[in-house]
Amino acid sequence: MNKTRIDLVCDGLISTGVIKASQRNQPNVFQGLKILDLGCGGGILVEALAKLKAEVTEDIRGNVRYILDTIEEHCKTHENYYDVITCSEVLEHVIDKKSLLDAACKTLKPGGSIFFTTFNKTFFSWFMGIIVGEYLLRVIPVGCHSYNLFISPEDVAKILEKSNCKTNILRGIYYNCITRNFWVYKWSGYHYAMQSVKAK
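Here is the structure:
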C-alpha cells in the first residue's frame, strides 16, 4: 500500500504547489519537508518517505527520528512545525478522534497538508474489512478492527474544518486479495485516502 500512499502525498503536494510535477519521480522529491507519520507503527511508510529525502519526524538513518509520545503532548512543543502529516491506518483504532485530529492540525504549518488512509463507516467496509479480511481470508488479525471506530470522510472533514483544514483530495482504495494490489478509484465507500490542507 506504500505506493498508493506515496502517490497520494505526491499528488496532494503537487496540487497545492509544494512540489512541482516534474519532481514527482525524483529520488529527493520530499527533500527539505518536515513530515510527521502519526502512528507510524513499525515505520513502513515513514522509512519509504525518508528514502525520498523527507525529514521524517533527521543516507535514510539520518532522515528518521522515532518519537514515543501522544500527538496531544507532541503538539505542545511543535506547533506550526510540520509541512506534511501522514496518518495511515490509524483513525480506525482511535477512540477520541477529535482530540487526535485537533492536536495534529496544531502541529501542521499553515499551508501544510495532512493525509489519511482509513476505513469508511459503511456496511461494505464492515463486510469487506472485518468479515472478509479478518474472518474469511484472515489477511488481517481477527479482532483488529471495530466497526464502531470506523469514520466517514465527511465526519473527518467536519472535525478538520474546525481546525482550519479543508479537504483537497478524496479517493477510494480497494485491496484485491487475489492480485494483492491496491487500486485507487472514485468511490470511497470502503476504504479511502484523503488530503486536507491547513489555511495559510
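So for the sequence shown, this note's numbering puts the first residue at 258; every next one is plus one. Ideal placement from N, C-alpha and C gives every residue a C-beta, glycine not left out.
| Query | Result |
| --- | --- |
| Which of helix, strand or coil DSSP assigns to Arg428 | strand |
| Proximal residues to Tyr442 (C-beta, below 6 Å), its chain only, five neighbours per side dropped | Gly429 |
| Inter-stretch contact (C-beta, 8 Å, three-pair minimum) for the segment 353-364 and the segment 324-331 | yes |
| Among Cys267, Lys415, Thr379, the one whose alpha carbon lies nearest that of Arg281 | Cys267 |
| For Ser345 and Arg437, believed in contact at Cβ under 8 Å, the rounded distance | About 18 Å; that fails the 8 Å criterion. |
| CB contact below 9 Å: Leu406 versus chain C | Included in the structure is just one protein chain, with no chain C present. |
| Residue of Arg395, Lys455, Ile426 minimising C-alpha distance to Ser370 | Lys455 |
| Cβ-Cβ separation, Leu417 to Ser453 (assumed contact under 8 Å), whole Å | 5 Å |
| Selection from Thr364, Phe407, Asn433, Asp340 that minimises the alpha carbon distance to Ile276 | Asp340 |
| With 16 other Cβ atoms within 10 Å as the buried cut-off, status of Ser445 | buried |
| Closest Cα partner of Thr364 within the set His402, Lys378, His335 | His335 |
| Phe376 and Ile408 closer than 9 Å at C-beta | yes |
| Burial state of Tyr447, where buried means 16 or more other Cβ atoms lie within 10 Å | buried |
| Member of Tyr449, Asn405, Ile271, Thr424 whose CA lies at the smallest distance from the CA of Asp353 | Asn405 |
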